[in-house]
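Participant: According to this note's numbering, the sequence shown is numbered sequentially starting from 476.
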Amino acid sequence: MSGIFVGFGRIISIKSKSAEELGTEGNLLELGVSVDTGERKREGQQYAPSNIVTIPLWGKRANALTPYAEEGKFVFFKGHLAQPTTYLKDGEPRAQLKIADVDELKIVRVVYDSDSSDTAEEKPAMYRDWE
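#1: Counting only the same chain and skipping the five closest in sequence on each side, list residues whose C-beta sits under 8 Å from that of asparagine 502.
#2: Is the CB-CB distance between isoleucine 487 and alanine 544 below 8 Å?
#3: Assign glycine 519 to one of three DSSP states: helix, strand, or coil.
#4: Does the beta-carbon of glycine 498 have 16 or more other beta-carbons within 10 angstroms, so that it is buried, or is it exposed?
#5: Check the C-beta distance from leucine 556 over to phenylalanine 480 and give it rounded, since I have them as a contact under 8 Å.
#6: With distances taken between CB atoms, is the gap from isoleucine 582 to valine 528 smaller than 8 Å?
#7: What distance in whole Å lies between the Cβ atoms of phenylalanine 552 and glutamate 579, which are believed to be in contact at a cut-off of 8 Å?
#8: How big is the Cα-Cα spacing for lysine 564 and arginine 584?
#9: Among residues of its own chain, excluding the 5 on either side of proline 531, which ones have a beta-carbon nearer than 6 Å to its beta-carbon?
What follows is the structure, encoded as structure tokens:
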């Protein structure tokens, strides 16, 4: 299955490999991004359901983004979706969301409304490109 996928989520994992390790010309930066499914948190659940999307970046893109990529930061991305099948330890197939070709990726800074006194309940007031 392949199609255009546009998403917004939080970086939860970062894997970086050099060109020497890979035996290629360019470095690899692979981001694991948690994307909200739109479902509400059910009673007894700690978090609302989310999907993990893997975003691989190569060469110049990887080099440019590496200093700024940190777990917990938000990203906006657009790219072509590939759904490779992986297998669990018990042999069961499991679909995996992976962006095969990234068209656009921006690290985004969330700015909170400063009028709120309870920081645990703050809601994003606006989104701005990260500089």
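Where is the CB? At the ideal position from N, CA and C, for every residue including glycine.
Facilitator: Result, derived from the coordinates:
#1: Within the same chain, asparagine 502 has close Cβ partners Ser491, Lys492, Ser493, Ala494, Trp533, Gly534, Ala537, Asn538 and Thr541.
#2: Contact flag unset, no.
#3: Three-state result, glycine 519: coil.
#4: Counting Cβ neighbours within 10 Å, glycine 498 comes out exposed, since fewer than 16 surround it.
#5: Contact check for leucine 556 and phenylalanine 480: beta-carbon distance about 4 Å, within the 8 Å limit, so the pair qualifies.
#6: Going by C-beta atoms, isoleucine 582 is not nearer than 8 Å to valine 528.
#7: The Cβ separation is near 7 Å, so the contact holds.
#8: Computed Cα separation, rounded: 38 Å.
#9: Correct list, in chain order: Glu505.
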